[in-house]
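So, in structure tokens, the structure goes:
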């Protein structure tokens with residue numbers, strides 16, 4: 003129960019990596035606040051979280067397309083006396099496509115949904131982390147931080163910006179016992195990957211099955227990841243065992259990324 007007594011906000015937690023992360027952290031003793039835009043799904047997921055330690059998990063309804071509304075929601079939550087000391091930033095990526103074809107609005111909207119909303123959450127929560135002398139900020143980004151992915155131009159650009167923002171925060175907050183790290187999933191069995199595969203299939207005529215098979219072959223492990231495997235890395239970084247890990251990118255991609 004290494005997260006016993008901790009309070010974690012997990013964004014994008016009604017499906018995929020966010021959902022598995024919330025479940026795992028609850029199982030390891032943390033109180034969980036889910037954050038997503040779909041209240042019906044949030045109501046369902048919050049009932050699935052482990053309550054062995056007597057915590058009453060809760061949720062916040064917020065759409066990252068509207069940063070100012072998120073700001074109001076999170077500061078109201080904090081002003082009620084809530085002091086989460088773990089933040090998992092996790093937001094679905096933009097549609098795929100060559101960067102040369104991207105509209106300016108795609109960059110602006112994605113920047114707001116990722117970097118700006120992440121920043122709003124950190125500004126709302128870091129003082130509470132300071133008061134507990136314990137803070138963990140974990141950003142779920144992408145291996146495109148290390149190696150741009152073909153056909154994901156806007157995503158590559160904004161993910162890189164988030165990684166630099168994260169490193170800057172790590173330098174500024176480390177002396178407060180607040181660590182900031184990034185988890186970089188590779189191809190993972192999520193609805194996001196399925197959407198990308200469907201889009202590619204429509205453009206190329208290649209079957210979705212072949213697309214997934216080719217993705218698996220790009221990894222030395224010859225398969226794609228399950229969301230629960232990425233969640234393990236996130237939960238570790240949130241724990242006291244990761245107390246001196248700060249400002250790094252951890253790929254969870256089975257060795258697919260070519261860089262060291």
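Numbering (this note's numbering), first residue to last: 3 to 262.
Built from N, CA and C at the ideal position, the CB exists for glycine as well.
- Your pair residue 187 and residue 227 checks out as a contact, with CB atoms roughly 7 angstroms apart and the cut at 8 angstroms.
- Counting along the chain, the unbroken alpha helix (DSSP H) around residue 229 starts and ends at 229-240.
- As the crow flies, the alpha-carbon of residue 27 is around 8 angstroms from that of residue 33.
- Rounded to the nearest whole angstrom, the CA to CA distance from residue 20 to residue 140 is 12 angstroms.
- 180 is the residue among 74, 180 and 81 whose C-alpha sits nearest the C-alpha of residue 134.
- Of the candidates 72, 165, 70 and 45, the residue whose Cα lies closest to the Cα of residue 60 is 45.
- The three-state secondary structure of residue 173, taken from DSSP, is helix.
- Exposure of residue 257 is indicated by the presence of fewer than 16 other C-beta atoms within 10 angstroms of its C-beta.
- Along the length of the stretch 82-129, whole beta strand (DSSP E) runs at least 3 residues long occupy 88-91, reported in chain order.
- For residue 137, the enclosing beta strand (DSSP E) covers residues 137-142.
- Distance between residue 201 and residue 154, taken at the CA atoms: about 12 angstroms.
- Under DSSP, residue 38 shares a beta bridge with 63.
- Following the DSSP letters along the chain, one finds residue 200 inside the alpha helix (DSSP H) bounded by residues 193-206.
- Within 10 angstroms of the beta-carbon of residue 260 lie fewer than 16 other beta-carbons, which makes it exposed.
- Sixteen is the threshold: since fewer than 16 other Cβ atoms of the shown chains lie within 10 Å of the Cβ of residue 67, the residue is exposed.
- Rounded to the nearest whole angstrom, the CA to CA distance from residue 108 to residue 115 is 11 angstroms.
- Between residue 122 and residue 76, the gap from beta carbon to beta carbon is short of 8 angstroms.
- At a Cβ-Cβ threshold of 8 angstroms, residue 7 and residue 192 do not count as neighbours.
- For residue 178, the three-state secondary structure derived from DSSP is helix.
- In the three-state reduction of the DSSP assignment, residue 159 falls in the helix class.
- No Cβ-Cβ contact shorter than 8 angstroms links residue 183 with residue 130.
- Under the DSSP assignment, residue 248 falls outside any beta strand (DSSP E); it carries neither an H nor an E label.
- The stretch 213-232 makes no contact with the stretch 157-167, as fewer than three CB pairs between them are under 8 angstroms.
- Here DSSP, grouped into helix, strand and coil, assigns residue 24 to helix.
- Residue 4 is positioned such that its CB atom lies no closer than 8 angstroms to that of residue 39.
- When DSSP states are grouped into helix, strand and coil, residue 222 belongs to the coil group.
- At a Cβ-Cβ threshold of 8 angstroms, residue 150 and residue 118 do not count as neighbours.
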